[in-house]
Each structure stands twice: as structure tokens, then as C-alpha cells.
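Novice: My questions all concern the structure below.
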Amino acid sequence: MDTIDNFLDAMFAPYPASTRLTDAKAELRAMMEDAYADALASGMTHNEAVGRVITDFGNLQEIAPVLGIADDLTAAEKAPQPEAAPAPAGTEGAG
1 MDTIDNFLDA MFAPYPASTR LTDAKAELRA MMEDAYADAL ASGMTHNEAV GRVITDFGNL
61 QEIAPVLGIA DDLTAAEKAP QPEAAPAPAG TEGAG
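Right, dumping it as C-alpha cells:
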């Protein structure tokens with residue numbers, strides 16, 4: 001299930017770590033693993049099953065209400081983002 005784990009890591013990466021989001025990620029992983037097993041049982045190949053699961057669960061904004069994290073995602077998106085640190089002196093235009 002490395003593909004699903006990697007997908008989940010990327011899906012949750014933009015959001016600050018919290019207990020609620022960690023729990024939601026674990027719940028979503030379980031939902032995706034169940035859907036994957038069902039897809040395999042229906043005769044799909046591994047790649048077809050993974051593709052189906054990612055298609056079905058691939059939009060965190062859509063699944064957030066089911067997971068109970070819609071407010072958490074909205075708050076994280078509205079939070080001010082830290083500005084990038086200025087480049088060290090003497091490195092402008094380098095590279």
C-alpha cells in the first residue's frame with residue numbers, strides 16, 4: 001500500500017500537523033484500504049484498484065466533511081502563510 005500511503009502523505013502535507021488531522025488521515029487510510037480490497041475482490045488488478053481508490057478518495061476538500069475536518073482545512077487555508085526567508089547576502093542571481 002505504499003502508493004496509497006504516499007498519496008495520503010502528499011494530500012495532507014499542506015496542512016499543519018494536529019491530532020484531528022492525524023486521526024482523519026488514519027481513518028481515510030482505512031477507508032481507502034477497504035475500497036482497495038473490494039476492488040481487488042471484484043477482479044481488478046492492483047493498478048486498477050489503486051487508480052480507482054485514488055479517483056474515489058482523491059479530493060480532500062470533498063471528503064473532509066465525512067472525516068469531520070472541513071473546518072480544520074478551512075482554517076488552515078485562511079491562516080497567513082509564513083514568508084520565504086530572504087536570500088543570504090551575495091547570492092542574488094547566483095545559479
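Count the sequence shown with the UniProt record's numbering and you get residues 1 to 95, in order. Don't be surprised by glycine CBs; every beta carbon is placed ideally from N, CA and C.
(1) Count the C-beta pairs between the stretch 31-51 and the stretch 72-79 that are closer than 8 Å, then say yes if the count reaches three, no if not.
(2) So what does DSSP say about I4, is it helix, strand or coil?
(3) Using a Cβ-Cβ cutoff of less than 7 Å, which residues in the same chain neighbour L28 once the five nearest sequence positions on both sides are dropped?
(4) Do L21 and I69 have their CB atoms nearer than 8 Å?
(5) Between T19 and V50, which are expected to be in contact by the criterion C-beta below 8 Å, what is the C-beta distance as a whole number of angstroms?
Specialist: Working from what's here:
(1) no
(2) If DSSP states are grouped into helix, strand and coil, I4 belongs with the helices.
(3) L8, F57, I63 and L67
(4) yes
(5) About 28 Å; that fails the 8 Å criterion.
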